[in-house]
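S.K.: One structure follows; several queries about it will come next.
Number of protein chains: 2
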Amino acid sequence: MTEATTTTRPVLREINDMTGSLAQRVYQSLKEAIMTLELPPGTVLRKGEICSQLGVSRSPATEALTRLAADGLVDVVPQSATRVSYFSMSEIREGAFLREALELAAVEKVARECTAEQLAQLTRSLRLQTLLVEDEDYAGFYEADEDLHHMIMAFTGYARVGTFAATAWLQVDRARQLLLPTPGRILETVEEHRAVIDAIRAGDPEGARHAMQHHLSKLIVKLEPLEQEQPALFRPLPA
Amino acid sequence: MTEATTTTRPVLREINDMTGSLAQRVYQSLKEAIMTLELPPGTVLRKGEICSQLGVSRSPATEALTRLAADGLVDVVPQSATRVSYFSMSEIREGAFLREALELAAVEKVARECTAEQLAQLTRSLRLQTLLVEDEDYAGFYEADEDLHHMIMAFTGYARVGTFAATAWLQVDRARQLLLPTPGRILETVEEHRAVIDAIRAGDPEGARHAMQHHLSKLIVKLEPLEQEQPALFRPLPA
DNA sequence: CTGAGTCAACTAACATGTTAGTACACCAGG
DNA sequence: CCTGGTGTACTAACATGTTAGTTGACTCAG
């Protein structure tokens, strides 16, 4: 009764229905929970808890934590503790900067050498987005939005660009969970996407670049106030 | 006498004089050997050998290999073997693309908001390069060259940009070991650096961007012929 | 009441034992 | 000679035991 139960709850997704090595699965499970804020910043991750909750030994758990540390999603205090990393506005800005650099380069390249089939896929995605907005299906729109961006990066022909961008984007994406989608913003988003795709269709790299830059600049503006609104999620000590 | 000694040689740098955790040190040691081609592509890395050569147990060795796999420097065949990854021209092009994207964004930002002190540091680096060229100190020049690029990325104020760029650049940097520095090229390099810094000094982001793009484009041209010249180092099977 | 010093409990880091998947050599059959 | 199956040796992946560094609570002097 009086015991102070801390974090021993079914927060982690079951790993049995996942694919890959155990370490890979544990990593995915933890990453998901961190990104959705089910494991909020500051949460202490104990190897023992992870092992018992997911039913694995310490080896895969250790590897998972190592990878999360590399991603910057957890902070390891040697010999002491591992915590979910706090938000940091400077890291969020940095992530946005990196993502912008990569995505602008990508869209520029795609505008220069996009095939008809690829263009058709982009156009199809845009039409889907329009439909989802009409249906007010926010979750679906969110997914279609991400798909479009992934598509553009995939069309560069460089497989790892997407991976890199995703890693760079982690801090931004996590913070984005705190933003509520508004109908007005979503309509704007579709129009911004349209501008990007129009420029790609026109084979206008410079135009595509600017359209994408305009699109991406909208997000960071929304994120900036978070530090004031949710100070608890941000680094208590800017160590 | 007749025994076929494979790879059991003092290829790895001693880890005792290094800092950080054992895993970190093993990682550094292996990475260094791979990047300098002392461990050429295709070399099989056995945990056991690494352990005995460096005098550590399998845990830190495993973590090191995991990180190298994440860097794309080794290919792990599950349950079977871990090999130093082969060169791949498409991966090299991809690395160059990523690095260009990041460095152009960086130099653009720096040109926009560079302080007097930072500009002085850049100018100093350029002067040093001039001296090193006169002395025909190629190794020193190589280092000064890298310093300049790191400096520019550091001046963005974003700590991880450099880390990201370094990771993206790994394949390119490894391939670069095969290029012999020529006096003519080095003189050109200094001039290209000068153009970049001049544009930064002038507060001309667009100009700095183009100067840097011109500079970076020179390298990939030199790398392209390598696939024909050293086919053994490239992927035998484009799996 | 407050501060430094001590110590016990807990953790990550490291070492080692165990399991299971892979690849290669060998052999039987065509 | 070549092909397909089988078995063994070897590896990474996983589990578990051990060590050593950190933290925070407790003690006791000021």
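Those protein sequences? They're chains C and U, same order as listed. Per my numbering, residue 4 is the first one in the first sequence, and the count goes up by one each step. Per my numbering, residue 4 is the first one in the second sequence, and the count goes up by one each step. Note that beta-carbon positions come from the ideal geometry of N, C-alpha and C, so glycine has one too.
1) Using the C-alpha atoms, what's the distance from U:Arg28 back to U:Thr22?
2) Taking 7 Å as the cut-off, decide whether the C-beta atoms of C:Leu129 and C:His196 are in contact.
3) Quick test of the definition: if touching needs 3 or more C-beta pairs under 8 Å, does the segment 209-216 of chain C touch the segment 102-122 of chain C?
4) Quick one: grab the DSSP three-state call for C:Arg130.
5) Is there at least one Cβ from chain U nearer than 7 Å to C:Pro241's Cβ?
6) Is the CB-CB distance between C:Pro208 and C:Arg115 below 7 Å?
7) What does a CB cutoff of less than 7 Å around C:Val59 pick up in its chain, not counting 5 residues either side in sequence?
8) Quick one: is U:Asp194 near chain C, going by C-beta distance under 7 Å?
9) If I measure Cβ to Cβ from C:Gln124 and keep anything under 8 Å in the same chain, skipping five residues before and after, which residues do I get?
10) Give the single residue among C:Val47, C:Leu33, C:Leu76, C:Ala64 whose Cα lies nearest to the Cα of C:Val175.
11) Can you check whether the CB of C:Tyr89 is closer than 7 Å to the CB of C:Arg238?
12) What residues from the segment 28-40 of chain U come within 8 Å of chain C, judged by C-beta to C-beta, listed N to C?
13) So for U:Val136, helix, strand or coil by DSSP?
14) Around the Cβ of C:Ser32, are there at least 16 other Cβ atoms within 10 angstroms (buried) or fewer (exposed)?
15) Would you say U:Arg102 and U:Ala198 are within 7 Å of each other, going by their C-beta atoms?
16) Can you give me the Cβ contacts of U:Leu182 inside the same chain, cut-off strictly under 6 Å, excluding the 5 residues immediately before and after it?
17) When we look at the beta-carbon of C:Gln231 and count the other beta-carbons within 10 Å, is it buried (16 or more) or exposed?
18) Any idea what DSSP makes of U:Arg86, helix, strand or coil?
19) Anything in chain C within Cβ reach of U:Thr69, meaning under 9 Å, just list it in chain order.
20) When you compare the CB positions of C:Thr69 and U:Glu66, do they come within less than 7 Å of one another, or not?
21) Quick one: residues in its chain with C-beta nearer than 6 Å to the C-beta of U:Leu131, no 5 flanking neighbours on either side, listed in chain order?
22) Going by the beta-carbon positions, is the gap between C:Ala73 and C:Lys50 smaller than 7 Å?
23) Roughly how many angstroms separate the alpha carbons of U:Val79 and U:Leu71, rounded to a whole number?
M.R.: Quick answer:
1) Taking the first residue of the second sequence as position 1, residue 22 of chain U is located at position 19. Taking the first residue of the second sequence as position 1, residue 28 of chain U is located at position 25. When rounded, the distance between both Cα atoms is 7 Å.
2) Here residue 129 of chain C corresponds to residue number 126 of the first sequence, with the count starting at 1. Here residue 196 of chain C corresponds to residue number 193 of the first sequence, with the count starting at 1. Yes.
3) yes
4) For the purposes of this step, residue 130 of chain C is taken as the residue at position 127 of the first sequence. C:Arg130: helix per DSSP, three-state reduction.
5) Stepping through the first sequence from its first residue, residue 241 of chain C is reached at position 238. Residue placement at C:Pro241 is poorly supported in this model, since its pLDDT is 41, which falls under 50; the coordinates still yield a value, given next. No, no contact with chain U.
6) Locating residue 208 of chain C in the first sequence gives position 205, where the first residue counts as 1. Locating residue 115 of chain C in the first sequence gives position 112, where the first residue counts as 1. Yes, the pair counts as a contact, with Cβ atoms nearer than the cut-off.
7) Taking the first residue of the first sequence as position 1, residue 59 of chain C is located at position 56. Only Leu25, Val29 meet the Cβ criterion.
8) For the purposes of this step, residue 194 of chain U is identified with residue 191 of the second sequence, where counting begins at 1. What sits at residue 194 of chain U in the sequence shown is Glu, not Asp. Not one chain C Cβ lies under 7 Å of U:Glu194.
9) Counting from one through the first sequence, the residue named residue 124 of chain C turns up at place 121. So the list reads Met154, once near-sequence residues are dropped.
10) Here residue 175 of chain C corresponds to residue number 172 of the first sequence, with the count starting at 1. For the residues C:Val47, C:Leu33, C:Leu76, C:Ala64, the minimum Cα distance to C:Val175 belongs to C:Leu76.
11) The residue given as residue 238 of chain C occupies position 235 in the first sequence. The residue given as residue 89 of chain C occupies position 86 in the first sequence. Result yes, Cβ atoms of C:Arg238 and C:Tyr89 sit closer than 7 Å.
12) none
13) Against the second sequence, residue 136 of chain U aligns to sequence position 133. The answer is helix: DSSP assigns U:Val136 an H, G or I state.
14) Here residue 32 of chain C is taken as the residue at index 29 of the first sequence, counted from 1. Looking at its Cβ environment, which holds 16 or more other Cβ atoms inside 10 Å, C:Ser32 is buried.
15) Within the second sequence, residue 102 of chain U is the residue found at index 99, counting from 1. Within the second sequence, residue 198 of chain U is the residue found at index 195, counting from 1. No, they are not a contact pair.
16) Numbered from 1 along the second sequence, position 179 holds the residue referred to as residue 182 of chain U. Excluding sequence neighbours, U:Leu182 sits near Lys225.
17) As a first step, residue 231 of chain C must be located in the first sequence, where it is residue number 228. Under this definition C:Gln231 is an exposed residue.
18) Counting from one through the second sequence, the residue named residue 86 of chain U turns up at place 83. If DSSP states are grouped into helix, strand and coil, U:Arg86 belongs with the strands.
19) Here residue 69 of chain U is taken as the residue at index 66 of the second sequence, counted from 1. Those are Ala26, Glu66, Thr69, Arg70, listed as they occur along chain C.
20) To locate residue 69 of chain C, count along the first sequence from 1; it is residue 66. To locate residue 66 of chain U, count along the second sequence from 1; it is residue 63. Yes.
21) By one-based count along the second sequence, residue 131 of chain U stands at place 128. Taken in chain order, the residues that qualify are Ala147.
22) On the first sequence, residue 73 of chain C is found 70 positions in, with the first residue counted as 1. On the first sequence, residue 50 of chain C is found 47 positions in, with the first residue counted as 1. No, these two residues do not count as a Cβ contact at 7 Å.
23) Here the question's residue 79 of chain U lines up with position 76 in the second sequence. Here the question's residue 71 of chain U lines up with position 68 in the second sequence. If I take the Cα positions, the gap works out to 10 Å.
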